[in-house]
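Notes for the one structure printed next.
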Amino acid sequence: MIGTNTEELAQRVKRKYEPEKKDYKIKKKNEPLIIKLKPTVDILKWAGRHKKSGQIVVGFALEDRGLRAGAESKLKEKRLDMIVANTPAAIGSDKAAVQIKISGQRWLKLPTADKSAIAKKIEHTNLKPDATVEDIIK
723 MIGTNTEELA QRVKRKYEPE KKDYKIKKKN EPLIIKLKPT VDILKWAGRH KKSGQIVVGF
783 ALEDRGLRAG AESKLKEKRL DMIVANTPAA IGSDKAAVQI KISGQRWLKL PTADKSAIAK
843 KIEHTNLKPD ATVEDIIK
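Heads up: the sequence shown is residues 723 to 860, going by my numbering.
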């Protein structure tokens, strides 16, 4: 997100959702520990709703079924300019096969490639409000 420090956004979430602190040691037992997780603020949704003129907001969607439908839903709901969708097969892997959609345009399916190469391709697209999926494959 242009003009916003990613680290600053991460710190906001951390401050709001730090775990409850105990003033005593939790002793080991022969039973599972339960960790309570709190939901975080949807930073991507916030960014999509507060973007300034000329800003481009790109989101990522990891979907285990209904890849395009789930990703397109996020694209619209969060007011994104582009969404990059992949499957759980990408978790822990250096490679991924992603599908990309720019708002109002067709889907683009990229072949399996190193995640760093995919990121560079997206980053060097220099997305503008009138960008097309063809700009990504150039």
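Beta carbons: idealized from backbone N, C-alpha and C, even for Gly. The structure displayed is predicted, hence computed values, not measured ones.
Query	Result
For K842, does the three-state DSSP call read helix, strand or coil?	helix
Below 8 Å between beta carbons: does that hold for D803 and D816?	no
By how many angstroms is the C-alpha of T809 removed from the C-alpha of G792?	11 Å
Compute the Euclidean distance between the alpha carbons of G826 and S775, then round it to the nearest angstrom.	18 Å
Take the Cβ of L759 as the centre, count every other Cβ of all protein chains shown within 10 Å, and call the residue buried at 16 or more, exposed below.	exposed
Taking only the alpha-carbon atoms, compute the straight-line gap between I813 and S795 and give it to the nearest angstrom.	22 Å
What would DSSP say about K760, mapped onto helix, strand or coil?	coil
If you draw a straight line from the C-alpha of K843 to the C-alpha of K798, how long is it?	23 Å
Mark A807 as exposed unless 16 or more other C-beta atoms lie within 10 angstroms of its C-beta, in which case mark it buried.	buried
Is L832 closer than 8 Å to I840 when the C-beta atoms are compared?	yes
Suppose the cutoff is 6 Å on Cβ atoms and the five residues either side in sequence are ignored; what does the same chain contact list for A818 look like?	N808, A812, K837
List in chain order: all unbroken beta strand (DSSP E) runs of 3+ residues lying wholly within the region 786-820.	804-808
From the DSSP output, read off the bridge partner residues of G781.	I805
In terms of DSSP beta bridges, what is K831 paired with?	Q821
Label L755 either buried or exposed according to how many other C-beta atoms from any shown protein chain fall within 10 Å of its C-beta, with 16 as the threshold for buried.	exposed
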